[in-house]
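Going down the list, the sequences are from chains Z and D. In terms of our numbering, the first sequence opens at residue 1 and continues consecutively. In terms of our numbering, the second sequence opens at residue 1001 and continues consecutively. Yeah, the Cβ is synthetic: ideal placement off N, Cα and C, and Gly gets one too. Take a look at the structure set out below.
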Amino acid sequence: SAVISQKPSRDICQRGTSLTIQCQVDSQVTMMFWYRQQPGQSLTLIATANQGSEATYESGFVIDKFPISRPNLTFSTLTVSNMSPEDSSIYLCSVEGGGTGRTGELFFGEGSRLTVL
Amino acid sequence: GDSVTQMEGPVTLSEEAFLTINCTYTATGYPSLFWYVQYPGEGLQLLLKATKADDKGSNKGFEATYRKETTSFHLEKGSVQVSDSAVYFCALSSGGSNYKLTFGKGTLLTVNP
């Protein structure tokens, strides 16, 4: 299993500002994933981040709003740009599980809870 | 596309009661199925998984069987404890090179002493 640390764990932000969330993993991983969990809702994949290439965004998410960096195999950042109250969510970093076979299992960080006023 | 339909919550039970949380799915091919749990103030943790039809995943007294004929993966526990109070998410992955998980909306379980 992987240990994933996210910063900040929570923050209160003003409308129109941007915030960068950091994700650090204790082992090297090829793929890292960013999910969003809106209040009372399920988790939605924002993008997949591979080291050395641009992130792949899911439908409804764009790079200008959610720029992602992946400078090495243990670290990634997600920026939430020009925030509005609708961006108030928990943002989760996740990585692929190990073991034999590719069963799709993911490990998650504890999340970053953002509140936009 | 892939989708997961999960039993609406919240669910409130007394300690030692039997738990069932229903989960059905729609997917192409042969997905892997998961139950994740989110305890208060914590991140998501994998509870159990099943990767092919008729597999039974189990952990911490919880079980779920991959039923291809009914496209279901219901979560069960024979005797719940207060410490089981959490949000439970059913999820699937279509596998291959795609690690994208599709989640259900989650079911909040509260167990009272």
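{"Item": "When you compare the CB positions of D/PRO1040 and D/THR1110, do they come within less than 8 Å of one another, or not?", "Value": "no"}
{"Item": "Starting from Z/GLU54, find everything on chain D with Cβ-Cβ shorter than 9 Å and list it in chain order.", "Value": "Here the premise fails: no neighbours, minimum Cβ distance about 17 Å."}
{"Item": "Which residues bound the beta strand (DSSP E) around Z/MET31?", "Value": "31 to 37"}
{"Item": "Sort D/GLN1006, D/TYR1030 and D/LEU1013 by Cα distance to D/ALA1053 and report the nearest one.", "Value": "D/TYR1030"}
{"Item": "Would you list the residues sitting across from Z/PHE75 in a DSSP beta bridge?", "Value": "Z/GLN24 and Z/ASN72"}
{"Item": "Across the region 1019 to 1033 of chain D and the region 37 to 48 of chain Z, are there enough close Cβ pairs to call them in contact, namely three or more that are closer than 8 Å?", "Value": "no"}
{"Item": "Could you please give the first and the last residue of the uninterrupted beta strand (DSSP E) stretch that includes D/GLN1038?", "Value": "1032 to 1038"}
{"Item": "By how many angstroms is the C-alpha of Z/VAL95 removed from the C-alpha of Z/ARG10?", "Value": "20 Å"}
{"Item": "When the Cα atoms are used, what is the spatial distance from Z/SER1 to Z/GLN24?", "Value": "14 Å"}
{"Item": "Mark Z/SER27 as exposed unless 16 or more other C-beta atoms lie within 10 angstroms of its C-beta, in which case mark it buried.", "Value": "exposed"}
{"Item": "How about D/PHE1103: is its C-beta nearer than 8 Å to some C-beta of chain Z?", "Value": "yes"}
{"Item": "Could you check if Z/GLY52 is buried or exposed, using at least 16 other CB atoms within 10 Å of its CB as the buried criterion?", "Value": "exposed"}
{"Item": "Measure the alpha-carbon distance for D/ARG1067 versus D/PHE1073 and round it to whole angstroms.", "Value": "6 Å"}
{"Item": "For D/CYS1023, tell me which candidate among D/SER1094, D/SER1085, D/GLN1081 and D/GLU1076 has the shortest Cα-Cα distance.", "Value": "D/GLU1076"}
{"Item": "Starting from Z/ILE63 and walking both ways along the beta strand (DSSP E), at which residues does that stretch end?", "Value": "Element bounds for Z/ILE63: n/a, residue is neither H nor E."}
{"Item": "Do you know offhand how far Z/LYS7's Cα is from D/GLU1069's?", "Value": "43 Å"}
{"Item": "Quick check on Z/ILE68: buried or exposed, where buried means 16 or more other Cβ atoms within 10 Å of its Cβ?", "Value": "buried"}
{"Item": "So for D/SER1083, helix, strand or coil by DSSP?", "Value": "helix"}
{"Item": "Measure from the C-beta of Z/LEU92 to each C-beta in chain D and report whether the shortest distance is under 8 Å.", "Value": "yes"}
{"Item": "Bridge partners of D/GLU1069, per DSSP?", "Value": "Paired residues: none, contrary to the question."}
{"Item": "Under 8 Å Cβ to Cβ from Z/PHE66, same chain only, skipping five residues before and after it: list those, please.", "Value": "TRP34, ILE46, ALA47, TYR57, LEU78, THR79, VAL80 and SER81"}
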